[in-house]
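Remarks on the structure that follows.
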Amino acid sequence: MDVEFRDDDLKKLETDAAFTGTFSKAIVSAFRKRLQFIRAAVDERDFYPMRSLRFEKLKGNRSHQYSMRLNDQWRLIVEIKTAKPKNVIVVVAIEDYH
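If you want the working numbering, it's the 1-based position in the sequence shown plus 1.
Dropping the structure here:
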């Protein structure tokens, strides 16, 4: 899948090996692994069988967004933009769920 970033720091987090933003190295490593998985996916249906990702649609005023687990505490928040020939994942944020 193609990937876009809502925030330039999130893009830099993926591409700049020395940049960690305000996150721990473990979170940055998990973020980069998730992005590799997302880029290798054909579409979002590839995420559902991977139960460890806990890919789920959010509710309420965030019903257009999805979360994906980075670890027990942190989640990657994404949106799916419909496009042809394939959908685009928009990386919105990394959020603390506790």
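Cβ coordinates follow ideal geometry from the N, Cα and C atoms, glycine included.
Remark: C-beta atoms of Leu-71 and Ala-31 approach each other more closely than 7 Å. In the three-state DSSP reduction, Val-91 falls in the strand class (E or B).
Annotation: the continuous beta strand (DSSP E) that includes Val-4 extends over 3 to 6. Taking all protein chains in view, the Cβ of Tyr-67 is crowded by 16 or more other Cβ atoms within 10 Å, so the residue is classified as buried. Cβ contact annotation for Val-93 (same chain, cutoff 7 Å, sequence separation greater than five): Arg-7, Gln-66, Ile-78, Val-79, Glu-80, in chain order.
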